[in-house]
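Each residue of the sequence shown is one higher than the one before, counting from 1 in UniProt numbering. For glycine and all other residues, C-beta sits at the position ideal for the given N, C-alpha and C. Notes for the one structure printed next.
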Amino acid sequence: MNILIVSATKAEIAPFLNEGALDSGAFVPGIPEEVFLKGTAPAQGTAVYVLVTGVGTPATIYHLTKALQKYTYDLVINAGIAGSFDRALPLGAVVQVVSDSFADLGAESGAEDGEDFLDIFRLGMTGAETPPFKNGKLVNDFRHPGWQEAEGLTVNTVHGKESSIEAIRSRLPAITESMEGAGFFYVCMSEGIKCLQLRAISNYVEKRNRENWNIPLAVKELSAALTRIVEEYSSSPADDAD
Ligand SMILES: O=C(O)c1cccc(C(=O)CC[C@H]2O[C@@H](n3cnc4c(=O)[nH]cnc43)[C@H](O)[C@@H]2O)c1
1 MNILIVSATK
11 AEIAPFLNEG
21 ALDSGAFVPG
31 IPEEVFLKGT
41 APAQGTAVYV
51 LVTGVGTPAT
61 IYHLTKALQK
71 YTYDLVINAG
81 IAGSFDRALP
91 LGAVVQVVSD
101 SFADLGAESG
111 AEDGEDFLDI
121 FRLGMTGAET
131 PPFKNGKLVN
141 DFRHPGWQEA
151 EGLTVNTVHG
161 KESSIEAIRS
171 RLPAITESME
181 GAGFFYVCMS
191 EGIKCLQLRA
201 ISNYVEKRNR
211 ENWNIPLAVK
221 ELSAALTRIV
231 EEYSSSPADD
241 AD
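Below, the structure written as structure tokens:
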């Protein structure tokens with residue numbers, strides 16, 4: 001089977017990329033160098049490729065769509081670090097995000113009552129049940145057994161102000177915040193491709209203070225999770241991995 005791992009930055013999955021199992025330097029012609037596609041020697045029929053897209057939904061959607069136009073994958077995994085709204089989730093914890101949304105796609109109504117955000121569904125710009133949306137969310141039907149499940153949300157601007165954090169929390173009940181997840185799901189779900197979004201918690205969503213972040217721990221745990229998943233698929237026959 002072919003697995004594609006999609007990450008915004010190389011740094012987020014550096015330990016995984018540096019593992020001996022990966023065959024470094026396999027750039028695929030036609031893919032710009034900053035979009036790094038790397039293949040393993042197939043282990044018992046499983047080949048792993050990595051696509052580094054750049055941060056944010058536009059870069060993720062553009063480069064993932066291009067890769068899917070050229071190649072076929074059986075499973076696509078979005079691997080990245082994320083913020084958590086839930087302090088019960090320890091830094092370094094790895095979760096599978098099972099639903100996501102474009103949290104800041106919409107309009108302000110000007111109301112001062114906390115209800116001043118109108119999403120694209122309330123604006124009538126698209127339907128809450130228009131595929132790939134379900135009830136206004138991007139819900140992943142595929143779950144990988146053994147990984148804690150969490151709802152996510154995706155932003156263009158990372159929350160760092162108490163008032164905006166309170167507002168988003170009252171509007172959406174998400175646990176994780178990323179800058180790519182919904183874009184990733186939008187592409188995979190539109191194409192009917194089996195996908196997973198794995199996020200390791202690097203920080204809590206709070207008033208911005210980079211000193212409280214633990215990126216090295218999140219990066220280490222994320223890579224360990226990727227290694228485990230790849231090993232699982234490599235050691236089980238393709239039909240059992242579905
Ligand atoms: O500075 C570093 O060493 C470093 C190493 C790895 C990754 C980074 C990033 O800045 C990654 C950006 C990436 O992280 C996601 N992220 C992480 N926390 C949050 C958050 O609280 N809210 C939204 N996104 C978050 C995001 O998906 C970015 O693409 C730096």
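How far does the alpha helix (DSSP H) with residue i in it extend, from its first residue to its last?
i    : result
V219 : I215 to S235
A182 : G181 to E191
R169 : E162 to R171
DSSP on residue i, reduced to helix/strand/coil?
i           : result
T60         : helix
I13         : helix
L153        : strand
P29         : A caution first: P29 carries a pLDDT of 45, below 50, which makes its placement in the model unreliable, though a value can still be read off. In the structure shown, P29 sits in coil (DSSP, three-state: anything other than H, G, I, E or B).
S24         : Bear in mind that the predicted position of S24 carries a pLDDT of just 49, short of 50, making it too unreliable to give a figure here.
residue 244 : Examination of residue 244 is not possible in this model, given that the chain is present from 1 through 242 alone.
K66         : helix
E211        : helix
Got a sec: does ligand 1 put a non-hydrogen atom nearer than 7 Å to the Cβ of residue i?
i    : result
M189 : no
T9   : yes
G127 : no
V50  : no
N203 : yes
G80  : yes
M1   : no
I215 : yes
S223 : no
E180 : yes
E166 : no
V6   : no
On the DSSP letters alone, give me the boundaries of the beta strand (DSSP E) that residue i sits inside.
i    : result
Y49  : A47 to V52
Q96  : V94 to D100
A107 : G106 to E108
F117 : F117 to D119
Checking the sheet assignment: what are the DSSP bridge partners for residue i?
i    : result
A82  : I201
V139 : S99
E177 : G83 and L153
V76  : L4 and C195
K134 : K137
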